[in-house]
Amino acid sequence: MHFIKEFVSLVMFTAVTAIPVSSPNTEALVDPAALEDYEAIVNVYCGNTCDHSVDSFFLVGAGASTCRPYSNTHSIQATANNCKITTWSGNNCQGSSKVIPDSACLSVPFASVSIQC
0 MHFIKEFVSL VMFTAVTAIP VSSPNTEALV DPAALEDYEA IVNVYCGNTC
50 DHSVDSFFLV GAGASTCRPY SNTHSIQATA NNCKITTWSG NNCQGSSKVI
100 PDSACLSVPF ASVSIQC
């Protein structure tokens, strides 16, 4: 009986804390209202007008940063929450860059995205 209780607790914990962030052909992959303690949310698209989702990710924690490479991407939309989100021409967050305005859809081809909070 003790084993079953631990198993059910583990399954319930996993179901509550798991947040899917990548699903092909889903237009709004990460909903800011679904997350409480995020610093930034980024949705990446292969379409020119923030359509045809490719990926979505979020960053948690003040002072956090990341660089993510992409291919065949043409637009991006982000919720910044005081973070700096930048697209780059190189796949290593180097080269020509463009800072993403908060919540706006930016139509620009890019090879990587960086977030600094």
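Take 0 as the starting number for the sequence shown in numbering that gives the first Met the number 0 and just add one per residue.
Ideal placement from N, C-alpha and C gives every residue a C-beta, glycine not left out.
Being a predicted model, the structure only gives us computed values, none of them experimental.
Are the CB atoms of residue j and residue i within a distance shorter than 7 Å?
| i | j | result |
| --- | --- | --- |
| CYS45 | THR72 | yes |
| ILE40 | THR78 | yes |
| SER96 | PRO68 | no |
| SER47 | SER106 | The amino acid occupying residue 47 in the given sequence is Asn; Ser does not appear at that position. Result yes, Cβ atoms of ASN47 and SER106 sit closer than 7 Å. |
| SER113 | CYS92 | yes |
Name the DSSP bridge partner or partners of residue i?
| i | result |
| --- | --- |
| GLN115 | SER64, LYS83 |
| ILE40 | PHE57, THR78 |
| SER96 | TRP87 |
| SER106 | SER74 |
Pull up the distance between the alpha-carbon of residue i and that of residue j, whole angstroms please.
| i | j | result |
| --- | --- | --- |
| ALA103 | ALA61 | 22 Å |
| GLN115 | PRO108 | 20 Å |
| SER55 | ILE75 | 10 Å |
| GLU38 | SER88 | 24 Å |
| ASN84 | VAL59 | Checking the sequence shown, residue 84 turns out to be Ile, not Asn. Each residue's alpha carbon lies about 14 Å from the other. |
| ASN90 | ILE99 | 17 Å |
| CYS49 | ASN80 | 20 Å |
| VAL20 | PHE57 | Its pLDDT being 41, under 50, VAL20 is placed unreliably in this model, and the value from its coordinates should be taken loosely. Distance between the alpha carbons of VAL20 and PHE57: 8 Å. |
Starting from the Cα of residue i, find the closest Cα among the options and give me that residue.
| i | options | result |
| --- | --- | --- |
| ASP101 | ALA63, CYS82, SER52 | CYS82 |
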